[in-house]
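Peer 1: Residue numbers (our numbering), protein chains in the order written: chain A, 930 to 1252; chain B, 5 to 420.
By construction, the Cβ of each residue, glycine as well, lies at the ideal position given by its N, Cα and C atoms.
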Amino acid sequence: MNKVNLNLKKRKVISDKIFKIGATAAGTYVLVVVVLIAFQLVSESYPVWEEEGLSFITKTDWNAVEGRESFGALPYILGTLTTSAIAMMIGVPLSIGIAMFISDAPPKIGAPLGFLVELLAAVPSVIYGLWGLYVFRIYFRDWFETPIHNAFGDNIWLFSGNPYGLDILTASVILAIMIIPTVSAVSREIMKAVPQQQKEAAYMLGATKWEMFKLAIFPYSKTGLIGASILGLGRAVGETMAVTMLIGNATGIGAIPSSLFGPSQTMSSIIANEFVEASPASIHMPALIGIGLILLLIAIVINVIAHLLVTRMLKIKEGAINN
Amino acid sequence: MITKKTSLLMIATIVAIMAPLSANAATAPDVPSSDKTYNLNGAGATFPFPLIDLWRVEYHNDFDNVNLNYQSIGSGGGVKQHIEKTVNFAASDAPLTSSERELAPKTLHIPETIGGVTVVYNIPEIPNSGLKLTGKIISDIFMGKITKWNDPAIKDINPELNLPGKEILVAHRSDGSGTTFVFTDYLSKIDPDGWDKQVGKGKSVPWPTGLAAAGNEGVSGIVKSTKYSIGYVELAYAFQTGMSFAHIQNGDKTNFVEPTIDTISNAAAGIISKLPAAEADWSAVSIVNAPGPNSYPIASFSYLLVYEDLAKVTKSKDEAKAIIHMIHWMITDGQQFSSSLLYAPLPNQVIDLDKKGLSRVTYDGEVLWNGGSAKPSSKLPDWIRNNAKWWADGLITDDDYIKGLQYLISEGILKI
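This is the structure we're talking about:
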């Protein structure tokens, strides 16, 4: 009897140990990968920091011609932030509208619609890019950009420059379409998490549908919706293929956003464009990896903010998840 | 008399000995021994990929124990892998730069095919190819100095065309590419004060104007979908997509040349005397703006990069020999497949240069192939070798043979 007990105890200890080691290893893996990526980016981009110093972040030159190398990341940082910001302006209100509709629609309509939204998230970005390049861009140029340019182009700098469909606005609109599934799916969950009693209380006071959202749902889910939007921003900042196909890929000073109808370039698109042919013997390669490092830092900041907002919301409104 | 006869017989003997030697030397490298399987790895330029891929299939048909795996990851990637010695050979559209050469010393440049870059346009008023352009005009358009199609400079050389007064949209590559290298190399050469000073040449350059897209398909996508645009793509791409392309003024400024396989081959042939040996520095080599009335000015070699000492990148001598055999096949038998894929075949002189390069390849100091017909000994005309062979076989007498030699010496054809 004693012996059996002892065995059981022993086995339990061993399995516990294995579990502990396994779980620790899995947890460490994440940390190790992030640290290794950061380390690699820093060490491989070191030559460009050595050559350009911190002015790498503020310079606008981009010259890879042998003997005239000079690199600055500012235009691409601005390009990334501009396209992402415009994409957010278009995508977030739409996404929240979708989330409102789905969360309040009868399940018969809401469920399949929610499923469709999630399906959109599964479409690979290159598909959006190709569709944007071969279909959307042409119509967008002829039916939207050209009339706007003709009407306001001479007076408002925002609409200056001949529109060709390969510009900041087209890229941003496609980006907006791409972040909608992410933002609306998360927003829907957050709105659904608002306790039913809240909504009923609002209706009881005689609120209309819109007043109910304004009174009961938005205050309750505000932080969560911001978090959801920032998750979308994270996607927009890192998106590569579709943007590369549509943004016109200017370099240097020409890539600094000056008009909605002008070309630009984002951090991820210049890496995608030039990495393959960058000469390993010049600082072109370190410069591209340096942009990768900046992109990683920006992505980390965005995700940390999103994470903080979402957890804060869930902590404050405990009821929201328990419902 | 006897001494003279003896010495002549000695010459005769030497010639006779050389005959079988040079006959042997004219042969290709040893066929890879069939009892082993070889998996060869190459990486690099995307431009020659369709051709190299066809070579892979055709070569494998003939020598089925050799498998080639060529990754078309781009010239820069190929050069990187070559420097890191992770592939058996690399391919690049641009020769190694001086700084790359320091990282990969003793690299042979083996031109394997020739490509051309066409200037394509989309002008509804001019639906066909044949708009004439000079290098200077192209440079001015791509720098944004000429902004309208009816600019006097263009009108002057195209009096018969109805050029519209529309704004020109410039389209160029967004990705680093050999095509861009060739195109900007040409513009730098033709416009040293403008283009070369402001922009320069390279796989990616600081473009002063225009929209950019990745790949030939990206540039042709912009040009096709945008009226009054201009761009540059590889010859094969322009042909296959049926775009209109410009005829460009030749290096001698005597003619406007249509881009074809022949005119691109001419460009290479026109510059052969200036080519360095395979082991030398090729960083300054360029066949743009080549002389000749029918030389298309925007053309370039595509190179295979091979280490002189293959022991650096191979596991065994047999594998190294298989590589030599395969590359030799590519630059000789393989050239017949070029035209069908719209690549210009190498002129014979370039093939000889390549063979000379291959004959330098060693494995741990041991020469793998004596160089075939590229050796000086093989410069002996066939009829001398035939004579020597007949003499050696006893088909002609000593006297006949000596008389023949005497005649050659007295005429100064054969020097002793």
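Identify, in the order they occur along the chain, each residue of the same chain with its Cβ nearer than 7 Å to the Cβ of B:N28, setting aside the five sequence neighbours on each side.
Peer 2: With a pLDDT of 40 at B:N28, under the threshold of 50, the predicted position of this residue should be treated as unreliable, and no value is reported.
Peer 1: Please classify A:F1000 as buried or exposed, where buried requires at least 16 other C-beta atoms within 10 Å of its C-beta.
Peer 2: Its Cβ being crowded by 16 or more others within 10 Å, A:F1000 is buried.
Peer 1: Give the DSSP bridge partners of B:T122, in chain order.
Peer 2: For B:T122, which the question treats as bridged, DSSP gives the partners B:V237.
Peer 1: When you compare each of A:L1222, A:A1034 and A:A1122 to A:S974 by their alpha carbons, which one comes out closest?
Peer 2: Here the closest residue by C-alpha is A:L1222.
Peer 1: Just checking: is the beta-carbon of B:G169 within a distance shorter than 7 Å of some beta-carbon in chain A?
Peer 2: So, not an interface residue.
Peer 1: Tell me whether B:Y241 is buried or exposed, calling it buried when 16 or more other Cβ atoms sit within 10 Å of its Cβ.
Peer 2: It is buried - the Cβ of B:Y241 has at least 16 other Cβ atoms within 10 Å.
Peer 1: Do we get a CB-CB distance below 7 Å when we pair B:L412 with the residues of chain A?
Peer 2: Cβ-Cβ to chain A under 7 Å: no for B:L412.
Peer 1: Applying a beta-carbon distance threshold of less than 9 Å, which residues of chain A neighbour B:K205?
Peer 2: Neighbours of B:K205 on chain A, chain order: V994 and E995.
Peer 1: The beta strand (DSSP E) spanning B:Q253 covers which residue range?
Peer 2: Note, B:Q253: beta strand (DSSP E), H251 to Q253.
Peer 1: With a threshold of 7 Å between beta carbons, is B:D256 in contact with chain A?
Peer 2: For B:D256, the answer is no, since every Cβ of chain A falls outside 7 Å of its Cβ.
Peer 1: Measure the C-alpha to C-alpha separation of A:V896 and A:G1219 and round it to an integer number of angstroms.
Peer 2: Given a span of 930 to 1252 for chain A in the structure shown, any question on residue 896 of chain A remains unanswerable.
Peer 1: Please identify the residue among A:N1202, A:G1191, A:V1123 and A:V1115 whose C-alpha is closest to the C-alpha of A:T1025.
Peer 2: Note on identity: in this sequence residue 1025 of chain A is Ile, with Thr being the wrong assignment. The candidate whose alpha carbon is nearest that of A:I1025 is A:V1115.
Peer 1: Express the C-alpha separation of B:P297 and B:I141 in angstroms, rounding to a whole number.
Peer 2: Rounded to whole angstroms, B:I141 to B:P297 spans 20 Å at the Cα level.
Peer 1: Are the C-beta atoms of B:T230 and some chain A residue less than 7 Å apart?
Peer 2: Judged by the 7 Å Cβ criterion, B:T230 is in contact with chain A.
Peer 1: Would B:N92 pass as a contact of B:N43 if the rule is Cβ separation under 7 Å?
Peer 2: No, the pair does not count as a contact, with Cβ atoms beyond the cut-off.
Peer 1: What does the alpha-carbon distance come out to for the pair B:D68 and B:Y190?
Peer 2: One C-alpha to the other measures close to 41 Å.
Peer 1: Is the CB of B:P210 under 7 Å away from at least one CB in chain A?
Peer 2: Yes, B:P210 counts as interfacial toward chain A.
Peer 1: Using 7 Å as the threshold, is the C-beta distance between B:W59 and B:G338 below it?
Peer 2: Taking 7 Å as the Cβ cut-off, B:W59 and B:G338 qualify as a contacting pair.
Peer 1: Using a Cβ-Cβ cut-off of less than 7 Å, give me the residues of the region 1074-1107 of chain A that come near chain B, in sequence order.
Peer 2: Listed by position along the chain: N1091, Y1093 and L1095.
Peer 1: Name the residue from B:E164, B:I161, B:N162 and B:P168 whose alpha carbon lies nearest to the alpha carbon of B:T151.
Peer 2: Checked all of B:E164, B:I161, B:N162 and B:P168; the closest Cα to B:T151 is B:P168.
Peer 1: Among all the DSSP beta bridges, which residues are the ones paired with B:Q75?
Peer 2: According to DSSP, which records beta bridges pairwise, B:Q75 is partnered with B:A47.
Peer 1: By the 10 Å Cβ neighbour count, where 16 or more other Cβ atoms means buried, how is A:S1272 classified, buried or exposed?
Peer 2: Since the displayed chain A opens at 930 and closes at 1252, residue 1272 of chain A lies outside it and no answer follows.
Peer 1: Determine the direct distance from the alpha carbon of B:K325 to that of B:V209, and round the result to whole angstroms.
Peer 2: Those two C-alpha atoms are separated by around 39 Å.
Peer 1: DSSP has B:R177 in a bridge; who is on the other side?
Peer 2: The partner list for B:R177 (beta bridge, DSSP) reads B:A217.
Peer 1: In three-state DSSP terms, what is B:Y411?
Peer 2: B:Y411 falls in the helix class under three-state DSSP.
Peer 1: Out of B:P280, B:E164 and B:G120, point me to the one whose CA is closest to B:I268's CA.
Peer 2: If we check each option's Cα against that of B:I268, B:G120 comes out closest.
Peer 1: Just the C-alpha distance for B:P263 and B:P351, rounded to the nearest angstrom, thanks.
Peer 2: Computed Cα separation, rounded: 17 Å.
Peer 1: Residues of chain B with CB under 7 Å from A:A1210, in chain order?
Peer 2: Chain B residues near A:A1210: T101, S103, E104 and L107.
Peer 1: Find the nearest neighbour of A:L1144 within the set A:G1167, A:M1120 and A:L1175, judged by alpha-carbon distance.
Peer 2: Checked all of A:G1167, A:M1120 and A:L1175; the closest Cα to A:L1144 is A:M1120.
Peer 1: Within this structure, are the beta carbons of A:S1193 and A:G1008 separated by less than 7 Å?
Peer 2: Cβ atoms of A:S1193 and A:G1008: closer than 7 Å.
Peer 1: Taking the CB atoms as reference points, tell me whether B:S248 and B:S133 lie closer together than 7 Å.
Peer 2: Taking 7 Å as the Cβ cut-off, B:S248 and B:S133 qualify as a contacting pair.
Peer 1: Below 7 Å on C-beta distance, what does B:L215 contact in chain A?
Peer 2: Chain A residues near B:L215: Y1093, L1095, G1177 and P1192.
Peer 1: Could you tell me whether the region 1146-1156 of chain A touches the region 1052-1061 of chain A, using the rule of 3 or more Cβ pairs below 8 Å?
Peer 2: Flag = no, the region 1146-1156 of chain A and the region 1052-1061 of chain A do not touch.
Peer 1: Does the beta-carbon of B:S37 have 16 or more other beta-carbons within 10 angstroms, so that it is buried, or is it exposed?
Peer 2: With fewer than 16 other Cβ atoms within 10 Å, it is exposed.
Peer 1: Leaving aside the five residues before and after A:L1048 along the sequence, list all residues of the same chain whose C-beta is less than 6 Å from its C-beta, in chain order.
Peer 2: Nothing meets the Cβ criterion.
Peer 1: In three-state terms, what does DSSP make of B:F260?
Peer 2: B:F260 falls in the strand class under three-state DSSP.
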